Amino acid sequence: MSSKSQIPFGTRASSHPNPLARKLFEVAEAKKSNVTVSADVTTTKELLDLADRLGPYIAVIKTHIDILSDFSNETITGLKALSEKHNFLIFEDRKFIDIGNTVQKQYHEGALRISEWSHIINCAILPGEGIVEALAQTAQAPDFPYGSDRGLLILAEMTSKGSLATGDYTSASVDYARKYQSFVLGFVSTRALTDVPASVSANENEDFVVFTTGVNLSSKGDKLGQQYQTPQSAIGRGADFIIAGRGIYAAADPVEAAKQYQQQGWAAYLDRVGGSQ
Ligand code: 5BU
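Numbering (my numbering), first residue to last: 18 to 294.
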């Protein structure tokens, strides 16, 4: 797979066919941040408080909305308002994994109303191509009420020990991304997938965005199989956006930690594209 890793975000923004990818790169450039904070807290107050305090330093906030004990309309209104106030995008890490008919309802109906507030969603491709087709169909329907700034990341790899998302599974992720390029922004993976053999051939204009989770400056992993790499390592391997959770929100001073990840993440990005600060 060809990689646009060496090209600055501003250039990628100007030529990208997907409106949400353009917005993502523009936000990152404007804020000089490629940080996604994984805000894995369990109450609306903590989530909104974190989003407001960290908002200036991040490009994206990643949520697990189903871990909130008090999800309500206030959660959605608050997140949307903070996303506008601080110019960050919202990524619900729901990891859809079911037949098309079910994921359409989980995405666009139901209690969590994900399509209404989350710019970026992700899915696993265990069910096959239909899951990608179903989510694209919903978000790209002529009567979809929330605009064109919606996109999907395919979980091509995972950071947990013993992950089975490797080999043919990762190759199929690249195939589906190519087939549904107008909706698939890119991948959640531990590196750019440039050397992955795929059945669907590359289109020379393709520009998949790489989000890498499991980023932490001070830890190598946790007791439940999480495996970390540093911002420098992730970006060196092709991450466009680094995702950090506990490294930021569980730090003694989350604002200082967010600034540190922002500074290191952006310096590593500039280094990769050959720019200066
Ligand atoms: P941490 O606190 O930085 O370890 O949190 C990592 C977050 O990223 C957490 O929300 C996970 O659900 C998420 N994650 C991950 O850690 N590894 C993966 O491969 C994927 C998601 Br996909």
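Glycine included, every Cβ here is placed at the ideal spot set by N, Cα and C.
Treat the numbers as computed from the prediction; the structure is a model and nothing was measured.
Quick one: what's got a C-beta closer than 8 Å to K276's C-beta in the same chain, skipping five residues either side?
-> As a position in the sequence shown, residue 276 is number 259, starting the count at 1. Cβ within range, chain order: Y74.
Do you know offhand how far Y197's Cα is from A153's?
-> One-based indexing of the sequence shown puts residue 197 at position 180. One-based indexing of the sequence shown puts residue 153 at position 136. Distance from the CA of Y197 to the CA of A153, rounded to the nearest whole angstrom, comes to 8 Å.
Inspect the beta-carbon positions of T92 and T61 and report whether they are closer than 9 Å.
-> Your numbering for residue 92 matches position 75 in the sequence shown. Your numbering for residue 61 matches position 44 in the sequence shown. Inclusion of T92 and T61 in the CB contact set at 9 Å is warranted, their separation being smaller than that value.
Could you spell out where the beta strand (DSSP E) holding A261 opens and where it closes?
-> For the purposes of this step, residue 261 is taken as residue 244 along the sequence shown, with counting starting at 1. Under the DSSP assignment, A261 falls in the beta strand (DSSP E) whose first and last residues are F258 to A261.
Would you call the segment 166 to 183 and the segment 128 to 143 in contact, with 3 or more CB pairs under 8 Å?
-> Contact holds: three or more Cβ-Cβ distances are below 8 Å.
Determine the DSSP secondary structure at E109, reduced to helix, strand or coil.
-> The residue you call residue 109 lines up with position 92 of the sequence shown. The answer is strand: DSSP assigns E109 an E or B state.
Check whether V226 and Q246 have beta carbons under 9 Å apart = The count along the sequence shown starts at 1 and reaches residue 226 at position 209. The count along the sequence shown starts at 1 and reaches residue 246 at position 229. Not in contact: V226 and Q246 (Cβ atoms no closer than 9 Å).
Can you tell which of A284, D257, L287 and S235 has its C-alpha closest to the C-alpha of T53?
-> Against the sequence shown, residue 53 aligns to sequence position 36. Among A284, D257, L287 and S235, the Cα nearest to that of T53 belongs to D257.
What is the C-beta distance between V205 and A173, in whole angstroms, given that I count them as a contact (C-beta under 8 Å)?
-> Position 188 of the sequence shown, counting from 1, holds the residue named residue 205. Position 156 of the sequence shown, counting from 1, holds the residue named residue 173. Contact holds; Cβ gap of about 7 Å.
Indicate the three-state DSSP secondary structure (helix, strand or coil) for K79 in the structure shown.
-> Numbered from 1 along the sequence shown, position 62 holds the residue referred to as residue 79. Three-state DSSP puts K79 in a strand.
How about I260 and S55: are their beta carbons less than 9 Å apart?
-> Along the sequence shown, read from residue 1 onward, the residue named residue 260 stands at position 243. Along the sequence shown, read from residue 1 onward, the residue named residue 55 stands at position 38. It is a contact, given that the beta carbons lie within the stated cut-off.
Sequence ranges, beta strand (DSSP E) only - wholly within the segment 92 to 139, length at least 3 = Every beta strand (DSSP E) of 3 residues or more that sits fully in the segment 92 to 139 is shown, in chain order, as 106 to 113.
Span separating the alpha-carbon of G145 from that of G95 = Indexing the sequence shown from 1 puts residue 145 at position 128. Indexing the sequence shown from 1 puts residue 95 at position 78. Each residue's Cα considered, the two are about 35 Å apart.
S180 beta carbon near the ligand PLP (any heavy atom closer than 8 Å) = Of the ligands this structure carries, namely the ligand 5BU, none is the ligand PLP.
Assuming V191 contacts L106 under a Cβ cut-off of 8 Å, what Cβ separation, rounded to an integer in Å, is found between them?
-> What you label residue 191 is simply residue 174 of the sequence shown in a count that begins at 1. What you label residue 106 is simply residue 89 of the sequence shown in a count that begins at 1. The Cβ separation is near 23 Å, so there is no contact.
Is G27 helix, strand or coil by DSSP?
-> The count along the sequence shown starts at 1 and reaches residue 27 at position 10. Helix.
Relative to the alpha-carbon of D110, which residue among Y266, A76 and I84 has its alpha-carbon at the smallest distance?
-> Taking the sequence shown and counting its residues from 1, the one referred to as residue 110 is at position 93. Distances from the alpha-carbon of D110 to those of Y266, A76 and I84 put I84 closest.
For the ligand 5BU, is there a heavy atom less than 8 Å away from the beta-carbon of H81?
-> To locate residue 81, count along the sequence shown from 1; it is residue 64. Under cutoff, so the answer is yes.
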